[in-house]
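Participant:
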């Protein structure tokens, strides 16, 4: 029996990933440099430990970026994110989970201030029973730590939960924690391999929550 639904945040609840990528791409282009997409996607769903765009660009330029450029990039990122709405199906699935008596969690490789700040701004922070972010664990995704932390917080076992993710790093983290996982690719992750998820959908609005859970049931 499923007792909990655990959501990723970036790119799944809110499309922050394309605005972040776009804001860095514009900085690279303004400096006459290419932002290698194949390296960028390695950090999607994880952290900048694998690839740090600022450090990479500074190495290419042979000098540090000015504070003005850094602040302008952050402002551009914020502008693009504030123009985004909750992704399709999110509110409906949160409401459905609540009506079914399921617990709700968030497992994100971003910081708590980032995740909670956006969830609060969007008016849905209070709908989640548990939020765990990279501040709360030793290792971010693709390590399973975040999902294990949410399971403990919600008081459910891995077999009683379903994770909803948008990136390979997130899917790997959920599966390593023993949780069934649904993948919903976005514009950034659409070209990536999400085949190790238990179910891949084009949008969360493609199925109702009862239909989604039914699709995850093992076939006899």
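Residue numbers (the working numbering): 1 to 220. For each residue, glycine too, the CB sits at the ideal point set by N, CA and C.
For residue 221, name the three-state secondary structure that DSSP assigns.
Facilitator: Any property of residue 221 remains undetermined from this structure, which presents the chain solely from 1 to 220.
Participant: Using CA coordinates, which residue listed in 45, 148, 193 is at the minimum distance from residue 169?
Facilitator: Comparing Cα positions, the closest option is 45.
Participant: What does DSSP give as the partner residues of residue 180 in its beta bridges?
Facilitator: Partner(s): 162.
Participant: By DSSP, does residue 188 sit in helix, in strand, or in coil?
Facilitator: Coil.
Participant: Which one of 7, 11, 72 has the shortest CA to CA distance from residue 26?
Facilitator: Per the Cα distances, 72.
Participant: Enumerated in chain order, which unbroken segments of the beta strand (DSSP E) with a length of 3 residues or greater are wholly contained in the region 71-123?
Facilitator: DSSP runs (the beta strand (DSSP E)) wholly in the region 71-123: 103-107.
Participant: Could you compute how far the alpha carbon of residue 87 sits from the alpha carbon of residue 205?
Facilitator: The alpha-carbon atoms of residue 87 and residue 205 are separated by roughly 9 Å.
Participant: Quick one: what does DSSP say residue 37 is sitting in, helix, strand or coil?
Facilitator: Residue 37 falls in the helix class under three-state DSSP.
Participant: Check whether the region 114-128 touches the region 18-36, counting contact only when three or more Cβ pairs, one atom from each stretch, lie closer than 8 Å.
Facilitator: The region 114-128 is not in contact with the region 18-36.
Participant: Using 8 Å as the threshold, is the C-beta distance between residue 190 and residue 181 below it?
Facilitator: No.
Participant: So, helix, strand or coil for residue 199, using DSSP?
Facilitator: Strand.
Participant: Could you tell me the distance, in whole angstroms, from the CA atom of residue 111 to the CA atom of residue 53?
Facilitator: Whole-angstrom Cα-Cα distance: 18 Å.
Participant: Verify whether the separation of the beta carbon atoms of residue 84 and residue 15 is less than 8 Å.
Facilitator: Yes.
Participant: How should residue 193 be labelled, buried or exposed, when 16 other C-beta atoms within 10 angstroms of its C-beta is the threshold for buried?
Facilitator: That one is exposed.
Participant: Count the other C-beta atoms from every protein chain shown that fall within 10 angstroms of the C-beta of residue 79, then say buried if there are 16 or more, exposed otherwise.
Facilitator: Classification of residue 79: exposed, given that the 10 Å Cβ count is below 16.
Participant: What are the start and end residues of the alpha helix (DSSP H) that includes residue 149?
Facilitator: 145-154 is the extent of the alpha helix (DSSP H) around residue 149.
Participant: Go through its chain and collect everything with a Cβ distance to residue 20's Cβ below 6 Å, but skip five positions before and after it.
Facilitator: Correct list, in chain order: 77.
Participant: Do you know how far the Cα of residue 74 is from the Cα of residue 56?
Facilitator: Approximately 17 Å between the Cα atoms of the pair.
Participant: Considering only residues of the same chain and omitting the five flanking positions on each side of residue 18, which have a CB-CB separation below 6 Å?
Facilitator: 187, 188.
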